[in-house]
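Reading through the structure tokens given below for one structure.
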Amino acid sequence: MATSFHGLTFLTEPGRVFTPRPSTESLVDAALERLGDEPARVADVGTGAGVIAVTLALRAPQVEVWATDKCASALRVATANAKRLGAQVHLVQGDLLDAIPRDLDLIVANLPYLAPGTPGYEDEPEAAVFSTGDGLDHYRRLLAGAADHLRDGGGVLLQFDGEVLEAERSELPWLRSRLESLVAAAA
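This is the structure we're talking about:
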């Protein structure tokens, strides 16, 4: 199956790899705006079908893009998308920032953030949608390790419930608190 994302056509595998949503295009737009025309090193954490990483690599060819996912099926689809579209992306299997270099300028992520059992996602792979506990455990773990992977002046862009959240390296504790307050407000 194929889907359109940011004007590009990507292969998908519904039920095996999370199907990209149009709302995620705003995360790519925010990353492109932040990156500008300067060379940079970016990591797309939890890449899934690779739509964020591949789009960034094609739209900002001066950027070195790394992408990681712990799901072998997702990496297979992401690799196929990168090859088919001619994008230069370093794809690695690992959990969150495992196997990703340090000295990143930007970390982007659209990780699982729903509490287990949230309705409306029955056709998507559970591991791509649901996190443990209140739904923020993936983001908490990412933010706990992000500072060690970011350069001075580096930052994080996250998608949460259709909203793009941004923080500089020094603001990571604030971003964690912001996510927790959003979850608490929705409960």
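Residue 10 is where the sequence shown starts when you use this note's numbering, and the numbers rise one by one after that.
Virtual Cβ for every residue (Gly too), placed ideally from N, Cα, C.
- Message: Please state whether the Cβ-Cβ distance between D53 and A76 is less than 8 Å.
- Response: Yes, they are a contact pair.
- Message: Let's see if you can read the secondary structure: which residues bound the alpha helix (DSSP H) around R187?
- Response: L181 to A195
- Could you tell me whether the Cβ atoms of D78 and Q102 are closer together than 8 Å? yes
- Query: Which whole runs of the beta strand (DSSP E) in the stretch 20-54 are 3 residues long or more, in chain order?
  - Reply: 49-54
- Contact under 8 Å by Cβ, G59 with A137: no
- Message: Across the stretch 160-170 and the stretch 116-129, are there enough close Cβ pairs to call them in contact, namely three or more that are closer than 8 Å?
- Response: yes
- Task: Note down the Cα distance separating D143 from V192, rounded to an integer number of angstroms.
- Result: 8 Å
- Message: Do L41 and R68 have their beta-carbon atoms positioned less than 8 Å apart in this structure?
- Response: yes
- Checking contacts by CB at 8 Å: is V26 closer than that to chain D? Protein chain content of the structure displayed is limited to a single chain, and chain D is not contained in it.
- Task: State the Cα-Cα distance for the pair A81 and H99, rounded to the nearest angstrom.
- Result: 15 Å
- Counting pairs of beta carbons, one from the stretch 147-158 and one from the stretch 15-31, are three or more of them closer than 8 Å? no
- Can you have a look at P29 and say buried or exposed, based on whether 16 or more other CB atoms are within 10 angstroms of its CB? Flag for P29 reads buried.
- Message: If you follow the beta strand (DSSP E) that D161 is in, where does it begin and where does it stop?
- Response: L159 to F169
- Task: Enumerate in chain order the residues of its own chain whose CB-to-CB distance from D104 is below 7 Å, with the five nearest sequence positions on each side excluded.
- Result: K79
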